[in-house]
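Peer 1:
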Amino acid sequence: MSALFRSPAPRAFALSCLFSAVTALTASAAPVLTDLPHMAPAQRALALQTLQSARPLGALDTTPPTVLSLQAATSVNASKNMNQLVVDLQISDDLSGLLHTFMTARGPSGTQTVATGQHLGGWPSFKGQMALRFGAFAEPGLWTITEVYGSDIAGNVFSCDSACLTALGGNRQFTVTGTTADTQAPTMTGGRILTPAVSLSTPVKGTVDHLPFVRMTLNAADQGGSGTAGAYATFCLPDQSNCFGTWSENWVYAQKKSVLNSYASTWVGMPTGVYLLKDVSLHDHAGGTRLYTSTTFGGSTDFSALMPAGTQVIVNP
0 MSALFRSPAP RAFALSCLFS AVTALTASAA PVLTDLPHMA PAQRALALQT
50 LQSARPLGAL DTTPPTVLSL QAATSVNASK NMNQLVVDLQ ISDDLSGLLH
100 TFMTARGPSG TQTVATGQHL GGWPSFKGQM ALRFGAFAEP GLWTITEVYG
150 SDIAGNVFSC DSACLTALGG NRQFTVTGTT ADTQAPTMTG GRILTPAVSL
200 STPVKGTVDH LPFVRMTLNA ADQGGSGTAG AYATFCLPDQ SNCFGTWSEN
250 WVYAQKKSVL NSYASTWVGM PTGVYLLKDV SLHDHAGGTR LYTSTTFGGS
300 TDFSALMPAG TQVIVNP
């Protein structure tokens with residue numbers, strides 16, 4: 000996969016999706032190593048303690064993967080059918096094997112980011128090519144690969160940032176041509192929470208045990224030409240002890256006005272209470288982004304003016 004993304008929010012979102020809690024620890028069901036990537040951090044820590052008490056620590060993988068080399072091509076013409084920049088990459092892991100890896104590159108002005116990723120399913124090492132793809136609205140000029148990150152099967156996260164990549168010695172800069180830049184980030188014009196209250200004990204209609212979704216719509220405008228590509232919204236308890244995020248995408252290019260249908264999953268053991276809208280992030284098909292943060296959480300946006308019907312979600316037992 001390859002897309003124009005904002006960083007670090009998409010990175011956090013990708014990792015949180017892969018590590019969201021789908022398995023609860025119980026006294027009657029001891030954890031196994033293969034459960035770890037699917038657990039929330041607190042659950043994973045408890046599982047590791049349980050496993051460590053039953054097995055020698057040396058049998059567990061506690062070391063993150065290592066990026067060994069990176070070498071990018073020097074240019075890409077985004078107006079051609081093969082609008083990809085090929086990158087040679089080598090990563091290794093010492094025990095459990097690689098789960099996935101992601102790569103990001105940033106444009107000349109720093110306002111656009113392109114990302115790509117690959118799921119590896121436990122391979123002990125990766126030595127191959129990944130491709131960064133560029134659309135018609137990508138910023139022309141000199142781009143730089145800024146990070147390679149991911150995790151192994153045991154849940155150890157690795158990140159090789161700009162300093163790390165520079166130390167490897169390979170080329171990480173390239174020139175993008177054949178594009179017309181969209182330098183105007185999208186704006187939020189309104190929104191509505193469609194599920195102001197959900198109950199963890201009430202399954203989705205027509206199902207036996209499927210936990211409910213939180214759903215909302217976000218209205219956006221984009222005058223830069225590429226159109227709004229997606230949105231992320233974060234809801235938190237007032238003390239920020241627990242949060243969740245909604246996500247949406249829009250693959251129609253060049254829309255000046257868009258309505259984004261966003262959703263988030265609830266989960267077993269989710270803390271109940273009143274979750275307040277903390278922030279909204281919009282990104283367009285050129286990679287331009289705009290972040291709105293609520294005044295309640297130290298930002299400058301009064302979401303009640305944009306969403307008069309309400310800005311909170313009540314999660315009931």
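Each step along the sequence shown adds one to the number in numbering that gives the first Met the number 0, with nothing skipped, and position 85 is 84. For glycine and all other residues, C-beta sits at the position ideal for the given N, C-alpha and C.
#1: Within 8 Å, do at least three Cβ pairs link the region 248–257 to the region 208–223?
#2: If distances are taken between C-alpha atoms only, which option among T61, A196, T201 comes closest to G309?
#3: Per the contact definition of three or more C-beta pairs closer than 8 Å, is the region 102–109 in contact with the region 134–143?
#4: Kindly list the residues whose CB is nearer than 8 Å to the CB of P316, restricted to its own chain and excluding five residues on each side of it in sequence; keep chain order.
#5: Could you say if the region 180–193 and the region 265–285 meet the contact criterion of at least three C-beta pairs nearer than 8 Å?
#6: Would you list the one or two residues that DSSP bridges to D151?
#7: Assuming A114 is part of the beta strand (DSSP E), what are its boundary residues?
#8: Please confirm if the region 231–243 is in contact with the region 300–309, defined as three or more CB-CB distances below 8 Å between the two stretches.
#9: Can you name the start and end residues of the alpha helix (DSSP H) that A162 belongs to?
#10: Going by C-alpha distance, which of T65, N82, A77 is nearest Q89?
#11: For the alpha helix (DSSP H) holding F133, just list the boundary residues, first then last.
#12: In the DSSP assignment, find the unbroken alpha helix (DSSP H) run with A304 in it and report its ends.
#13: Do A230 and L281 have their beta-carbon atoms positioned less than 7 Å apart in this structure?
#14: Who are the near neighbours of D60 in its chain, counting only those whose CB is closer than 6 Å to its CB and skipping five residues on each side?
#15: So the beta strand (DSSP E) Y262 belongs to, where does it begin and stop?
#16: What is the DSSP secondary structure of K253, counted as helix, strand or coil?
#17: Sorted by chain position, which residues of the same chain lie with C-beta nearer than 6 Å to T73's C-beta, five sequence neighbours on each side aside?
#18: Which value, in whole angstroms, describes the spacing of the CA atoms of P307 and W266?
#19: Mind checking whether N260 and T216 have CB atoms under 7 Å apart?
#20: What is the residue span of the beta strand (DSSP E) that D60 lies within?
#21: Where does V86 land, buried or exposed, given buried means 16+ other C-beta within 10 angstroms?
#22: Please classify N80 as buried or exposed, where buried requires at least 16 neighbouring CB atoms within 10 angstroms.
#23: Let me check understanding here. Comparing Cα to Cα, which of R214, F136, G189, L98 lies closest to F157?
#24: Rank P211, M129, A162 by C-alpha distance to the C-alpha of M269 and give the top, closest one.
#25: For M129, collect the residues of the same chain with a Cβ closer than 7 Å to its Cβ; drop the 5 residues on either side in sequence, then sort them by chain order.
#26: Looking only at its chain, what residues have a beta carbon closer than 7 Å to the beta carbon of F136, apart from the 5 residues adjacent to it on each side?
#27: What are the boundary residues of the beta strand (DSSP E) that A184 is part of?
#28: What does a CB cutoff of less than 6 Å around F296 pick up in its chain, not counting 5 residues either side in sequence?
#29: Quick check for students: name the residue ranges of the beta strand (DSSP E) that lie wholly in the region 172–249, counting only runs of 3 or more.
#30: Can you list, in chain order, the residues of its chain whose CB lies under 6 Å from that of S338, leaving out five sequence neighbours each side?
#31: For S68, which beta-bridge partners are listed by DSSP?
Peer 2: Well, looking at it:
#1: They touch, by the three-pair rule.
#2: A196
#3: yes
#4: S198, L199, S200, T271
#5: yes
#6: Answer is L97.
#7: That run of the beta strand (DSSP E) goes 112–122.
#8: no
#9: Looking at the DSSP string, the run of the alpha helix (DSSP H) that includes A162 is 161–167.
#10: T65
#11: Run containing F133: none; DSSP gives neither H nor E here.
#12: 302–305
#13: yes
#14: Answer for D60: L94, S95, A153, listed in chain order.
#15: Start and end: 256–264.
#16: In the sequence as displayed, the identity of residue 253 is Ala instead of Lys. If DSSP states are grouped into helix, strand and coil, A253 belongs with coil.
#17: F173
#18: 28 Å
#19: yes
#20: D60 -> no beta strand (DSSP E), and no H or E assigned at all.
#21: buried
#22: exposed
#23: L98
#24: From the listed residues P211, M129, A162, the smallest Cα separation to M269 is found for P211.
#25: Around M129: V86, L88, M102, T115, Q117.
#26: Closer than 7 Å at Cβ, skipping near neighbours: T178, T179, A180, D181, G224, S225, H284, A285.
#27: No beta strand (DSSP E) holds A184; DSSP gives it neither H nor E.
#28: K277
#29: 172–176, 186–192, 196–198, 212–220, 227–235, 242–248
#30: Coverage of the chain is limited to positions 0 through 316, which leaves residue 338 absent and any answer about it impossible.
#31: Q89
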